[in-house]
Amino acid sequence: MRILIFGGDGMLGHRLLRQLAPAHEARVTLRRGLADYDRWGLFNRQNAFDAVDVRDLRRVSAVVAEFRPQAVINAVGIVKQRPEAQEHVASIEINALFPHRLAALCRASAARLLQLGTDCVFSGEKGNYAEFDRPDPLDLYDRTKLLGEVDGPGALTLRTSMIGPELERKTGLVEWFLAQKGKTIKGYRKAIFSGFTTAELARIIERIATGDPDAHGIYHVSSAPISKFDLLAGLNRRLRLGIEIVPDDAVRCDRSLDSARFRKAFGYAPPAWGAMLDELAADILKGAAR
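Now the structure itself:
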């Protein structure tokens, strides 16, 4: 299957390439020139389109026309942790407008589109959100991601969240946590997470991309809820980082998702957090050894 991944240099995008390449004709887009990514030994002329600015519709259209993908995965986004997240124009163009422009291209070329959404369309006041719950986004990122959701025929938006190693930006939870080795930090017991490691999410996306071609709409994709305290404590033990995690109940935010509809539609059962953290720790250790 020909699968095109927008955002191949991101936290999820590069993991998707590793997951999909063995069994599919998978290619990614990169923001900069190919030479800028040489040190990772991951991208080449056969699996990547470089210098792709998703705001340049002509360039995006040319990539789609050349590769003729059967499925497209949009893993591009300006996330909360990046300084650009405060730039209204860039956030609107990339998070809100681009998914709909890409959806139009996919419809014209008979390709399926999988859009990565977020649990941040919800405030976190309630928890266990289902698809019929009304979103209540709090900030610019949350609102632009909500506006960027696609759900017409041939298009799916997956509301979810993720943790995992990054190639270069080092702004996510895992990279921050690794930098705390030997320090003391707070662990929020009332901050609830129901996302996935990028390794597991990549497998889920492969299942969807190659599954029921008529599936479309917005789906909540989630694991068993876990507190940020328990999540970090589990990773701390596996990696022996020597971080002292002090329990803290001051931060309360529960963006856990109810994914019963997705699990039934796709026959999916999420792995336990112990298994996902085992795999994540092994991936981190492999990366440190390179």
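So the sequence shown is numbered by my numbering: it starts at 38 and just counts up by one.
Cβ coordinates follow ideal geometry from the N, Cα and C atoms, glycine included.
- Secondary structure in the segment 75–136: the alpha helix (DSSP H) runs of 4 residues or longer, each lying completely within the stretch, are 94–104, 125–128 in chain order.
- Here K223 carries a strand assignment [DSSP, helix/strand/coil].
- In this structure, the beta-carbon distance from Y256 to L195 falls below 8 Å.
- The Cβ-Cβ distance between G185 and T235 does not fall below 8 Å.
- The beta carbons of D295 and A167 sit about 4 Å from each other, so the pair counts as a contact at 8 Å.
- By the neighbour-count criterion, in which 16 or more other beta carbons inside 10 Å mark a residue as buried, P136 falls on the buried side.
- Checking the DSSP bridge columns, you'll see P284 partnered with G224.
- Put simply, the segment 225–245 touches the segment 265–280. At least three CB pairs are less than 8 Å apart.
- Annotation for Q152: the continuous beta strand (DSSP E) segment containing it runs 149–153.
- A Cβ-Cβ distance of about 5 Å is found for the pair A108 and I40, placing them in contact under the 8 Å criterion.
- In the assembly as shown, Q152 is a buried residue. Its beta-carbon has 16 or more other beta-carbons within 10 Å.
- Assignment of D291 by DSSP, reduced to helix, strand and coil, places it in the strand class.
- The beta carbons of R68 and V89 sit closer together than 8 Å.
- Per DSSP, the beta-bridge partners of E62 are R39.
- Going by beta carbons, G224 and K182 fall outside the 8 Å limit.
- In this model, R298 and D46 are separated by some 31 Å (Cα to Cα).
- Exclusion of the five residues before and after K218 leaves L278, G279, I280 as the residues of its chain whose Cβ lies within less than 8 Å of its Cβ.
- In this structure, the CA atom of R52 is about 31 Å from the CA atom of D170.
- Remark: C-beta atoms of I263 and N273 do not approach each other more closely than 8 Å.
- A straight-line Cα-Cα distance of about 21 Å links I110 and S260.
- When DSSP states are grouped into helix, strand and coil, H51 belongs to the helix group.
- Distances from the CA of D251 to each of A148, A60, A85, F104 were compared; the closest alpha carbon is that of A148.
- Rounded to the nearest whole angstrom, the CA to CA distance from A141 to L276 is 44 Å.
- It is roughly 7 Å from the alpha-carbon of N84 to the alpha-carbon of A63.
- The Cβ atoms of L238 and L49 lie closer than 8 Å to each other.
- At a Cβ-Cβ threshold of 8 Å, V158 and D176 do not count as neighbours.
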